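Student: Residue numbers (the numbering used here): 7 to 188. Every residue, glycine too, gets a C-beta built ideally from N, C-alpha and C. Note that the structure is predicted; figures quoted are calculated from it, not measured.
Okay, here's the thing in structure tokens:
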């Protein structure tokens, strides 16, 4: 089996272990700031999604001008316009946008949880299938909890997810840096 890094690559990464640890510390600090103000972290998350959608919409519109003679040009124009409008909407009314995104998150978790439970039972003859079911149940319940608190939790749930992600990425980076150091 081929390895991603050869010995020289491993040594180069190991030589930079301190950068991984420093990045991890910064990410944990940013996660702490996000935990300290979940509303602002939610707004930052919405702005991030908004800018990505706005850029995607503008790129689709630019693409539409490149394929003007194509019969599907209207699709590209409409797709780009709606995507850009959704991105602008996130900036104009971030709290309403967070409500919509939180609702979509709840639905996505409920559906993903159902699929994971179903897949877990399909894997029933194999060892560890129960863990798939348990993971699916937890995902399903998380979706239900978010849905039950909607729309009030829209003010903080996306910020909470951002904060948890920043802290987890920070911990992973620190662990990687310390362990790669050898």
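(1) Just how far apart, CA to CA, sit residue 186 and residue 179?
(2) So, does the region 106 to 122 touch the region 144 to 154, judging by three or more C-beta pairs under 8 Å?
(3) Are there 16 or more other CB atoms within 10 angstroms of the CB of residue 181, so buried, or fewer, so exposed?
(4) Sorted by chain position, which residues of the same chain lie with C-beta nearer than 8 Å to residue 32's C-beta, five sequence neighbours on each side aside?
(5) With DSSP as the reference, label residue 142 as helix, strand or coil.
(6) Please confirm whether residue 169 and residue 88 have their CB atoms less than 7 Å apart.
(7) Starting from residue 52 and walking both ways along the alpha helix (DSSP H), at which residues does that stretch end?
(8) How many angstroms separate the CA atom of residue 95 from the CA atom of residue 58?
(9) Identify which residue in 90, 162, 163 has its Cα closest to the Cα of residue 56.
(10) Given this structure, state the Cα-to-Cα distance separating residue 100 from residue 62, to the nearest angstrom.
(11) Taking contact to mean 3 or more Cβ pairs, one atom from each stretch, closer than 8 Å, check whether the region 22 to 30 and the region 62 to 78 are in contact.
(12) Could you give the first and the last residue of the continuous alpha helix (DSSP H) run that contains residue 183?
(13) Give the C-beta separation of residue 142 and residue 51 to the nearest angstrom, bearing in mind that I take them to be a contact with Cβ-Cβ under 8 Å.
(14) Exposed or buried, which one is residue 80 when buried takes at least 16 other CB atoms within 10 Å?
(15) Can you look up residue 155 in the DSSP assignment and give me helix, strand or coil?
Tutor: The short version:
(1) 10 Å
(2) yes
(3) exposed
(4) 176
(5) helix
(6) no
(7) 44 to 72
(8) 12 Å
(9) 90
(10) 18 Å
(11) no
(12) 163 to 187
(13) Rounded, the Cβ-Cβ distance is 25 Å, inconsistent with contact.
(14) exposed
(15) helix
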